[in-house]
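Engineer:
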Amino acid sequence: MTDTTVTSASPAPTPDQPVTRQKVWDAPVRLVHWLLVFLVTVSWWTAEEGEMQWHYWSGLTIVGLLVFRVYWGFAGPETARFSNFIKGPGAVVGYAGKLFKRDYRAAFGHNPLGALSVVAILLALIAQVGLGLFASDTDGLESGPLSPYVSYEFSKDAGDLHEAAWNILLILIGLHIAAIVFYLVVKRINLIGPMITGSRKAEAVEGSPSGIAPVPLWRFLIGVALAGAVVFLFVWLPTTR
Amino acid sequence: MKIKLFAATAVLALGLAACGGETPAPETPVAEAPAAETPAAEPAPVATASIGETPADPVAFMKERHEKYEDIGKNFKVLLDNSKLGTPDLAAVSAAATKVNDYAKEMGTWFPPGTGPEAGKTEAKANIWTERADFDVKLVNLQTEAAKLVTAAGTDAAAFKAQFGPTGGTCKACHDKFREEDKDK
Chain A
89 MTDTTVTSAS PAPTPDQPVT RQKVWDAPVR LVHWLLVFLV TVSWWTAEEG EMQWHYWSGL
149 TIVGLLVFRV YWGFAGPETA RFSNFIKGPG AVVGYAGKLF KRDYRAAFGH NPLGALSVVA
209 ILLALIAQVG LGLFASDTDG LESGPLSPYV SYEFSKDAGD LHEAAWNILL ILIGLHIAAI
269 VFYLVVKRIN LIGPMITGSR KAEAVEGSPS GIAPVPLWRF LIGVALAGAV VFLFVWLPTT
329 R
Chain B
8 MKIKLFAATA VLALGLAACG GETPAPETPV AEAPAAETPA AEPAPVATAS IGETPADPVA
68 FMKERHEKYE DIGKNFKVLL DNSKLGTPDL AAVSAAATKV NDYAKEMGTW FPPGTGPEAG
128 KTEAKANIWT ERADFDVKLV NLQTEAAKLV TAAGTDAAAF KAQFGPTGGT CKACHDKFRE
188 EDKDK
């Protein structure tokens, strides 16, 4: 506590004053994150076990989460916004260079390198559910909600790609976990806690010490409605062709 | 409490799965299966009529077999797509069900000796030939349910939708035991 390094923007804490906590992740971002962890696991397990009705609902729920997350990337608080964390190659290289410097400070939200991982996982998930929507098995016994709109051959190929693309997701998830372990072990920075509680000690961090500002509830509700509407569309479409 | 419930459910599910996988062979004699299930108007399906001789060109034979199964899949997708609709196209459903039924009737001749994994690339597992009796039981089940599907498709949408699952189930029952899983698993 006494040898705390604080950002230049924050007032230096006096010895008897506790270090304040920086709010990094809002509740929707955390909820989407952990629901994705859960539902991607469910989707994998149900596919392995041939529980395709559960797989269908698990996948459709992921569709809703992704719709919400993409929307939230434009409407959410600053650490949720794409414009805030997607940086050019220069920033990525610059961040990687700073990583082992003594005056390294944890990024506020996604760092430029980690942002690549976020974008890659989001795109891979979007591709994965996109293929799943059109997929069917080779027997024509199970299919995604948009399969009735495409031929048997197209649907079967989408199903094969859906299965193969899972390996890409596994690699990305592996890298994501490896990076978290790296920060925990090498950098002594716990990234898991803030993703659960939403905040962390405001010491040796970038950004304002108080962190993200609250977002009005109506913006969140619009996102929920949008996600629900898209899921409903996919439930309804195959019944009406 | 929740964990106990989960464990109980898991054990129950495993138990059911184990039963489901093992019962049909010993308990359902080939001759009796169709008699109980088939409507009076339908002739009793005969699966074991002709297992057939090893074909002159097994690879070509297996390729053709694969294409016939793909065509069944294609027709089944028509049935699946229609099963989700509020008002299925019963003409299309009837045509597809008839096609599946025709294939089912001749399927007993599709697995002559020498057309298994030892002969070339195929998803047909070797146990088709070592456990032929159970294979034939499952085939008779398909023939029974495929014939019912044709009848149901000629009846109405509700009958078709009710019969779609049971017919598809006979495909799956056989594939689970006698077809190779995807190569990447």
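Top to bottom, those sequences are chains A and B. Take 89 as the starting number for the first sequence in this note's numbering and just add one per residue. Take 8 as the starting number for the second sequence in this note's numbering and just add one per residue. All C-beta atoms, glycine included, are put in the ideal place defined by N, C-alpha and C.
Looking at the secondary structure, which residues open and close the alpha helix (DSSP H) in which S287(A) lies?
Structural biologist: Indexing the first sequence from 1 puts residue 287(A) at position 199. No alpha helix (DSSP H) contains S287(A), which is instead part of the beta strand (DSSP E) from 287-289.
Engineer: Which stretch, first to last residue, makes up the alpha helix (DSSP H) that contains K75(B)?
Structural biologist: The residue given as residue 75(B) occupies position 68 in the second sequence. 65-90 is the span of the alpha helix (DSSP H), which, as asked, contains K75(B).
Engineer: Judging by CA-CA distance, which residue of E136(A), G138(A), V158(A), S131(A) is the nearest neighbour of G147(A)?
Structural biologist: Locating residue 147(A) in the first sequence gives position 59, where the first residue counts as 1. The shortest Cα separation from G147(A) among E136(A), G138(A), V158(A), S131(A) belongs to S131(A).
Engineer: Is the Cβ-Cβ distance between G228(A) and G172(B) less than 8 Å?
Structural biologist: Numbered from 1 along the first sequence, position 140 holds the residue referred to as residue 228(A). Numbered from 1 along the second sequence, position 165 holds the residue referred to as residue 172(B). No; because the gap between Cβ atoms is not below 8 Å, this pair is not in contact.
Engineer: Please go through the same chain and pick out, in chain order, the residues whose beta-carbon is closer than 6 Å to the beta-carbon of H198(A), but skip the five residues on each side of it.
Structural biologist: The residue labelled residue 198(A) in the question sits at position 110 within the first sequence. F173, V206.
Engineer: DSSP has K111(A) in a bridge; who is on the other side?
Structural biologist: In the first sequence, the residue the question calls residue 111(A) occupies position 23. K111(A) pairs with S287(A), G299(A).
Engineer: DSSP has A165(B) in a bridge; who is on the other side?
Structural biologist: Here residue 165(B) refers to the residue found at position 158 when the second sequence is read from its first residue. Beta-bridge pairing links A165(B) to no other residue.
Engineer: On the DSSP bridge assignment, give the partners of R186(B) in chain order.
Structural biologist: The sequence position of residue 186(B) within the second sequence is 179, counting from 1. R186(B) is bridged to A131(B).
Engineer: Can you find the residues in the same chain that come closer than 7 Å, C-beta to C-beta, to Y76(B), ignoring five residues on each side of it along the sequence?
Structural biologist: Taking the first residue of the second sequence as position 1, residue 76(B) is located at position 69. No residues qualify anywhere along the chain.
Engineer: Does the CB of C181(B) have a neighbour CB from chain A at under 8 Å?
Structural biologist: In the second sequence, counting from the first residue as 1, residue 181(B) sits at position 174. So no, C181(B) is outside the interface.
Engineer: Mind listing the chain B neighbours of S296(A)? Cutoff is C-beta to C-beta under 9 Å, in chain order.
Structural biologist: On the first sequence, residue 296(A) is found 208 positions in, with the first residue counted as 1. Going along chain B, no residue has its Cβ under 9 Å from S296(A), so there is no contact; the nearest lies around 41 Å.
Engineer: Counting only Cβ pairs nearer than 7 Å, list the residues of chain A close to L149(B).
Structural biologist: Taking the first residue of the second sequence as 1, we reach residue 149(B) at position 142. Those within 7 Å of L149(B) in chain A number zero; the least Cβ separation is about 12 Å.
Engineer: Report the CB separation of I256(A) from A315(A) in whole angstroms; it is logged as a contact under 8 Å.
Structural biologist: The residue you call residue 256(A) lines up with position 168 of the first sequence. The residue you call residue 315(A) lines up with position 227 of the first sequence. At roughly 24 Å, the Cβ-Cβ gap does not stay under 8 Å, so I256(A) and A315(A) are not in contact.
Engineer: Work out the CA separation of D248(A) and L221(A) for me, nearest whole Å.
Structural biologist: Counting from 1 along the first sequence, the entry for residue 221(A) is found at position 133. Counting from 1 along the first sequence, the entry for residue 248(A) is found at position 160. Roughly 13 Å between the two C-alpha positions.
Engineer: Considering only their Cβ atoms, is the gap separating K112(B) from Y240(A) smaller than 8 Å?
Structural biologist: Position 152 of the first sequence, counted from the first residue, corresponds to residue 240(A). Position 105 of the second sequence, counted from the first residue, corresponds to residue 112(B). Result no, Cβ atoms of Y240(A) and K112(B) do not sit closer than 8 Å.
Engineer: Alpha carbon to alpha carbon, how far is T129(B) from L86(B)?
Structural biologist: Translated into the one-based positions of the second sequence, residue 129(B) becomes position 122. Translated into the one-based positions of the second sequence, residue 86(B) becomes position 79. Roughly 26 Å between the two C-alpha positions.
Engineer: Rounded to whole angstroms, what's the CA-CA distance from P36(B) to G176(B)? Just pull it up for me.
Structural biologist: The residue labelled residue 36(B) in the question sits at position 29 within the second sequence. The residue labelled residue 176(B) in the question sits at position 169 within the second sequence. Because the pLDDT at P36(B) is just 43, under 50, the model does not fix this residue reliably, and the value given afterwards should be weighed accordingly. Roughly 19 Å separates the two Cα atoms.
Engineer: Would you tell me roughly how many angstroms separate the C-alpha atoms of A131(B) and A102(B), rounded to the nearest one?
Structural biologist: In the second sequence, counting from the first residue as 1, residue 131(B) sits at position 124. In the second sequence, counting from the first residue as 1, residue 102(B) sits at position 95. So the two alpha carbons sit approximately 27 Å from each other.
Engineer: Three-state secondary structure (DSSP) at V238(A)?
Structural biologist: Translated into positions along the first sequence, residue 238(A) becomes position 150. Three-state DSSP puts V238(A) in coil, outside helix and strand.
Engineer: Considering only residues of the same chain and omitting the five flanking positions on each side of T226(A), which have a CB-CB separation below 7 Å?
Structural biologist: Taking the first sequence and counting its residues from 1, the one referred to as residue 226(A) is at position 138. K244, listed in sequence order.
Engineer: Output yes if chain A places a C-beta closer than 8 Å to the C-beta of K81(B); else output no.
Structural biologist: Taking the second sequence and counting its residues from 1, one reaches residue 81(B) at position 74. For K81(B), the answer is yes, since a Cβ of chain A falls inside 8 Å of its Cβ.
Engineer: Quick check: is the beta carbon of F115(B) nearer than 8 Å to any beta carbon in chain A?
Structural biologist: Here residue 115(B) refers to the residue found at position 108 when the second sequence is read from its first residue. According to the sequence as given, residue 115(B) is Gly; it is not Phe. Not an interface residue.
Engineer: Specify the secondary structure class of V274(A) as computed by DSSP and reduced to three states.
Structural biologist: Position 186 of the first sequence holds residue 274(A). Coil, per DSSP.
Engineer: Would you call the segment 108-120 of chain A and the segment 139-157 of chain A touching, i.e. three or more CB-CB distances under 8 Å?
Structural biologist: As far as the Cβ criterion goes, the segment 108-120 of chain A touches the segment 139-157 of chain A, which means the pair count is three or higher.
Engineer: What residue range is occupied by the uninterrupted alpha helix (DSSP H) comprising W117(B)?
Structural biologist: Position 110 of the second sequence, counted from the first residue, corresponds to residue 117(B). Premise fails: W117(B) is in no alpha helix (DSSP H) and is neither H nor E.
Engineer: Please report whether the beta-carbon of G93(B) lies at a distance below 8 Å from any beta-carbon of chain A.
Structural biologist: Sequence index remark: in the second sequence, residue 93(B) carries index 86 (1-based). Judged by the 8 Å Cβ criterion, G93(B) is in contact with chain A.
Engineer: For a contact defined as C-beta to C-beta under 7 Å, what are the partners of G175(B) on chain A?
Structural biologist: Locating residue 175(B) in the second sequence gives position 168, where the first residue counts as 1. Ordered by position in chain A, the residues that pass the 7 Å Cβ test against G175(B) are L229.
Engineer: If you count every other CB in all the chains shown that lies within 10 Å of the CB of G185(A), and 16 or more means buried, which is it?
Structural biologist: Mapped onto the first sequence, residue 185(A) falls at position 97. G185(A) comes out exposed.
Engineer: So which residues on chain A does L87(B) lean against when the C-beta distance must stay under 7 Å?
Structural biologist: Counting from one through the second sequence, the residue named residue 87(B) turns up at place 80. Under the 7 Å cutoff, chain A gives G228, L229, S231.
Engineer: Does any CB atom of chain B fall closer than 8 Å to the CB of P302(A)?
Structural biologist: Within the first sequence, numbered from 1, the residue matching residue 302(A) stands at position 214. Not an interface residue.
Engineer: Going by C-alpha to C-alpha distance, which of V273(A), Y159(A), I268(A), E291(A) sits closest to I280(A)?
Structural biologist: As a first step, residue 280(A) must be located in the first sequence, where it is residue number 192. Of the listed residues, the one whose Cα sits closest to I280(A) is I268(A).
Engineer: For a contact defined as C-beta to C-beta under 9 Å, what are the partners of P116(A) on chain B?
Structural biologist: For the purposes of this step, residue 116(A) is taken as residue 28 along the first sequence, with counting starting at 1. Correct list: empty, because the minimum Cβ distance to chain B is about 26 Å.
Engineer: Counting only beta-carbon separations shorter than 8 Å, does K70(B) have a partner in chain A?
Structural biologist: As a working mapping, residue 70(B) is identified with position 63 in the second sequence. Not closer than 8 Å to any Cβ of chain A, the Cβ of K70(B) fails to qualify, so no.
Engineer: With distances taken from CA atoms, which of A165(B), K155(B), S90(B), A180(B) is nearest P326(A)?
Structural biologist: Along the first sequence, one-based indexing puts residue 326(A) at 238. For P326(A), the nearest C-alpha among the options comes from S90(B).
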